[in-house]
Amino acid sequence: MTIHRIAVISDTHGSLRPKAVELLRSAELILHGGDIADRKTFDRLNECARVIAVRGNCDGEWAKELPQEVGFELYGRKIYMVHNKKQMTQRAEDADLMIYGHSHRYEEKEENGRLLLNPGSGGPRRFGKPATMAVLEIDEESGSMAVKRIDLSEDTVQDAAADSSFPAPDSGELRGIVETVVRELARGRSVDRIVKTHRISRALTEQICQIYFTHPGINAQGVMDRIEIAGR
Numbered sequence: 093m094t095i096h097r098i099a100v101i102s103d104t105h106g107s108l109r110p111k112a113v114e115l116l117r118s119a120e121l122i123l124h125g126g127d128i129a130d131r132k133t134f135d136r137l138n139e140c141a142r143v144i145a146v147r148g149n150c151d152g153e154w155a156k157e158l159p160q161e162v163g164f165e166l167y168g169r170k171i172y173m174v175h176n177k178k179q180m181t182q183r184a185e186d187a188d189l190m191i192y193g194h195s196h197r198y199e200e201k202e203e204n205g206r207l208l209l210n211p212g213s214g215g216p217r218r219f220g221k222p223a224t225m226a227v228l229e230i231d232e233e234s235g236s237m238a239v240k241r242i243d244l245s246e247d248t249v250q251d252a253a254a255d256s257s258f259p260a261p262d263s264g265e266l267r268g269i270v271e272t273v274v275r276e277l278a279r280g281r282s283v284d285r286i287v288k289t290h291r292i293s294r295a296l297t298e299q300i301c302q303i304y305f306t307h308p309g310i311n312a313q314g315v316m317d318r319i320e321i322a323g324r
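Whatever position you read off the sequence shown (first residue = 1), add 92 for this note's numbering.
Below you can see the structure in the form of structure tokens.
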């Protein structure tokens, strides 16, 4: 019996946790559901193992080479990937496994004869959700699939570090940052450009980006009402 181990991760947002890196290096393939965030993180992923990835809404110009969706066969099973499940196309209809991200929420369920898997966010903890990824095991002979959820949230030092540069939630500074990022996102600016131009925390910029794109039509006040800053 030959069992193939594939690492499934998403929404790393420029950060790879030590436990995640260990699992990525032990896998023969990495499937990434988007929002990698930058070229440096993408290169680090490729140093761990071969990567198949899709482009997320927070991926900038550097990621234009990545597809919005991709379908492929792996050890006899048809796999489909897209960052936002709402953007899936007919290409997903005959897939045995559909992988997506975007919500930062782990999800594993069967629907219409296929397995749906969102590995959650493998990067900084946000929105009160745990940091997670998954390991997919495929039996080469039978084609059977098994998924193991991996909790990465014990890396609490990284969680604190990711949020250490955030201003107080009731400060005028935070409101100014939110208004700036929302304005720039409305103009189609990338996270990379916003961070570089305005010298704003990448982690905070990405959180605002996540709220902005998952709540169409939201304004700066709406983002303020939903934003979460760990430890405050």
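A virtual CB, placed ideally from N, CA and C, is assigned to each residue, including glycine. Bear in mind the structure is a predicted one, so any value in this text is a computation, not a measurement.
### Message
By alpha-carbon positions, which one of His194, Leu189, Glu203, Tyr198 ends up nearest to Ile230?
### Response
Walking along the sequence shown from the start, residue 230 turns up at place 138. Taking only the C-alpha atoms, the option nearest Ile230 is Leu189.
### Query
Would you call the CB atoms of Val100 and Val273 closer than 9 Å?
For the purposes of this step, residue 100 is taken as residue 8 along the sequence shown, with counting starting at 1. For the purposes of this step, residue 273 is taken as residue 181 along the sequence shown, with counting starting at 1. No; because the gap between Cβ atoms is not below 9 Å, this pair is not in contact.
### CA nearest to the CA of Ile242, picked from Gly212, Arg217, Ala187, Leu296
Taking the sequence shown and counting its residues from 1, the one referred to as residue 242 is at position 150. The shortest Cα separation from Ile242 among Gly212, Arg217, Ala187, Leu296 belongs to Gly212.
### beta strand (DSSP E) segments (min. 3 residues) lying fully within the region 147 to 179
161 to 166, 169 to 174
### Task
Can you have a look at Arg278 and say buried or exposed, based on whether 16 or more other CB atoms are within 10 angstroms of its CB?
For the purposes of this step, residue 278 is identified with residue 186 of the sequence shown, where counting begins at 1. Note on identity: in this sequence residue 278 is Ala, with Arg being the wrong assignment. Its Cβ having fewer than 16 others within 10 Å, Ala278 is exposed.
### Task
Mark Gln110 as exposed unless 16 or more other C-beta atoms lie within 10 angstroms of its C-beta, in which case mark it buried.
Looking up residue 110 in the sequence shown gives position 18. Going by the sequence as given, residue 110 is Pro instead of Gln. It is exposed - the Cβ of Pro110 has fewer than 16 other Cβ atoms within 10 Å.
### Message
Rounding to the nearest angstrom, what Cα-Cα distance links Phe164 and Gly193 in this structure?
### Response
Within the sequence shown, residue 164 is the residue found at index 72, counting from 1. Within the sequence shown, residue 193 is the residue found at index 101, counting from 1. About 18 Å.
### Lys111 in three-state terms, based on DSSP
Counting from 1 along the sequence shown, the entry for residue 111 is found at position 19. Residue state, collapsed to three classes: helix.
#### Entry: Coil, strand or helix - Ile191 by DSSP
As a position in the sequence shown, residue 191 is number 99, starting the count at 1. Of the three classes helix, strand and coil, the one that applies to Ile191 here is strand, per DSSP.
### Task
Classify Ser236 as buried or exposed, calling it buried when 16 or more other Cβ atoms lie within 10 Å of its own Cβ.
For the purposes of this step, residue 236 is taken as residue 144 along the sequence shown, with counting starting at 1. It is exposed - the Cβ of Ser236 has fewer than 16 other Cβ atoms within 10 Å.
### Message
Give me the residue from Leu137, Gly126, Val270 with the minimum Cα distance to Ile292.
### Response
Taking the first residue of the sequence shown as position 1, residue 292 is located at position 200. Ranking Leu137, Gly126, Val270 by Cα distance to Ile292 puts Val270 first.
### Message
Comparing C-alpha positions only, which one of Thr104, Ser282, Ala141, Arg117 sits nearest to Asn210?
### Response
On the sequence shown, position 118 is the one that residue 210 refers to. Looking at the Cα atoms, Thr104 is the closest of the given residues.
### Cβ-based burial, Gly309 [other Cβ within 10 Å; buried from 16]
Position 217 of the sequence shown, counted from the first residue, corresponds to residue 309. Burial call: exposed.
#### Entry: Cβ-based burial, Thr224 [other Cβ within 10 Å; buried from 16]
Here residue 224 refers to the residue found at position 132 when the sequence shown is read from its first residue. By the 10 Å Cβ count, Thr224 comes out buried.
### Query
Excluding sequence positions up to five away, which residues of its chain have a Cβ less than 7 Å from the Cβ of Thr181?
For the purposes of this step, residue 181 is taken as the residue at position 89 of the sequence shown. The residues are Glu161.
#### Entry: Beta-carbon proximity list for Gly264, same chain, < 7 Å, skipping 5 on both sides
Mapped onto the sequence shown, residue 264 falls at position 172. Within the same chain, Gly264 has no close Cβ partners at all.
### Query
How big is the Cα-Cα spacing for Arg117 and His196?
Residue 117 sits at position 25 when you count from the first residue of the sequence shown. Residue 196 sits at position 104 when you count from the first residue of the sequence shown. C-alpha separation (whole angstroms): 22 Å.
### Query
What whole-angstrom Cβ distance do Gly106 and Gly268 have, given they're in contact under 8 Å?
Within the sequence shown, the letter at position 14 stands for residue 106. Within the sequence shown, the letter at position 176 stands for residue 268. Not quite, the Cβ-Cβ distance comes to about 23 Å (not below 8 Å), so this is no contact.
### Query
DSSP three-state call for Asp103: helix, strand or coil?
Taking the sequence shown and counting its residues from 1, the one referred to as residue 103 is at position 11. It is coil, neither helix nor strand.
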